[in-house]
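All remarks here apply to the structure that follows.
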Amino acid sequence: MKILLIEDEPELQKSIKQYFEMEGNVVELASNYTKAQQKIALYDYDCILVDITLPGGSGLDLINEVKNQKSKAGIIIISAKNALDDKIKGLDLGADDYLPKPFHLSELNSRIKALIRRKSFDGNLEIILNEIRISPLERTVFIHDELVLLTSKEYDLLLYFIANKNRVVSKSALAEHLWGDDADRLDNFDFIYNHVKNLRKKLVEKKCEDYLHTIYGIGYNFKIQR
Numbered sequence: 008m009k010i011l012l013i014e015d016e017p018e019l020q021k022s023i024k025q026y027f028e029m030e031g032n033v034v035e036l037a038s039n040y041t042k043a044q045q046k047i048a049l050y051d052y053d054c055i056l057v058d059i060t061l062p063g064g065s066g067l068d069l070i071n072e073v074k075n076q077k078s079k080a081g082i083i084i085i086s087a088k089n090a091l092d093d094k095i096k097g098l099d100l101g102a103d104d105y106l107p108k109p110f111h112l113s114e115l116n117s118r119i120k121a122l123i124r125r126k127s128f129d130g131n132l133e134i135i136l137n138e139i140r141i142s143p144l145e146r147t148v149f150i151h152d153e154l155v156l157l158t159s160k161e162y163d164l165l166l167y168f169i170a171n172k173n174r175v176v177s178k179s180a181l182a183e184h185l186w187g188d189d190a191d192r193l194d195n196f197d198f199i200y201n202h203v204k205n206l207r208k209k210l211v212e213k214k215c216e217d218y219l220h221t222i223y224g225i226g227y228n229f230k231i232q233r
């Protein structure tokens, strides 16, 4: 999962980033309104965590920008500004949830996972696609009820492919999803081929249908015909 954290408190920023990266996520940071604007305009995210009070502007205006761009990102407001008017305005603008500070990171984690399930997988605790069964809470994958051992990147790739099934996904989109800002500094995307090849091999070895199709010169399509 790729998360954008828009927060200007250094200690909270650090603790959220460390916690969610240990969970296997990519976390990008924006400490002020202008930096957040730039990231929202340039990159796609699964979830955006936004404070209301920011140097240079309001998080509420950022929510409005995200919605105007037709982004599919889930939005959770995290703010010590617990006024009812701000909460209502944020939700009316299109935020999906509101968590007042201080909060436990485990609760934030649960809310993010619930939000992603609602947006991408119809709210199901398990993701089931034909012979594939995924438990996001445990980050486990089963093929025909047999456990498949995937690396963290392979798991994230599979989840991303399923969320975007029957769509052509470019190599650059995959790189950005898995590595965030660091993808801009890569000379090429050869490593994507290796991760996809390893993922495909592990799935097929468990008698999974080969859903992954290479679109030469562009990327991949996780094609489901039934």
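Mapping of the sequence shown onto this note's numbering: position 147 corresponds to residue 154, and the numbering continues sequentially without gaps. For each residue, glycine too, the CB sits at the ideal point set by N, CA and C. Model, not experiment: these values are computed from the prediction.
Item: For Ser78 and Gly101, the rounded distance between their alpha carbons; Value: 11 Å
Item: Residue burial classification, Met29 (beta-carbon count within 10 angstroms, cutoff 16); Value: exposed
Item: Cβ distance (whole Å) where Leu56 is taken to contact Ile10 below 8 Å; Value: 7 Å
Item: Helix, strand or coil at Pro143 according to DSSP, with G and I counted as helix; Value: coil
Item: Assigned secondary structure, Ala102 (DSSP; H/G/I helix, E/B strand, else coil); Value: coil
Item: Three or more C-beta pairs below 8 Å linking the segment 144-164 and the segment 196-216; Value: yes
Item: Lys172 burial status per 10 Å Cβ neighbour count (16 or more: buried); Value: exposed
Item: Of the listed residues Ile95, Gln45, Tyr105, nearest to Gln76 (C-alpha basis); Value: Gln45
Item: Limits of the beta strand (DSSP E) - the one that Phe251 falls within; Value: This structure cannot speak to residue 251, because the chain is shown only from 8 to 233.
Item: Beta-ladder partner(s) of Glu35, from DSSP; Value: Leu11
Item: Alpha carbon of Asp103 to alpha carbon of Glu153, nearest angstrom; Value: 35 Å
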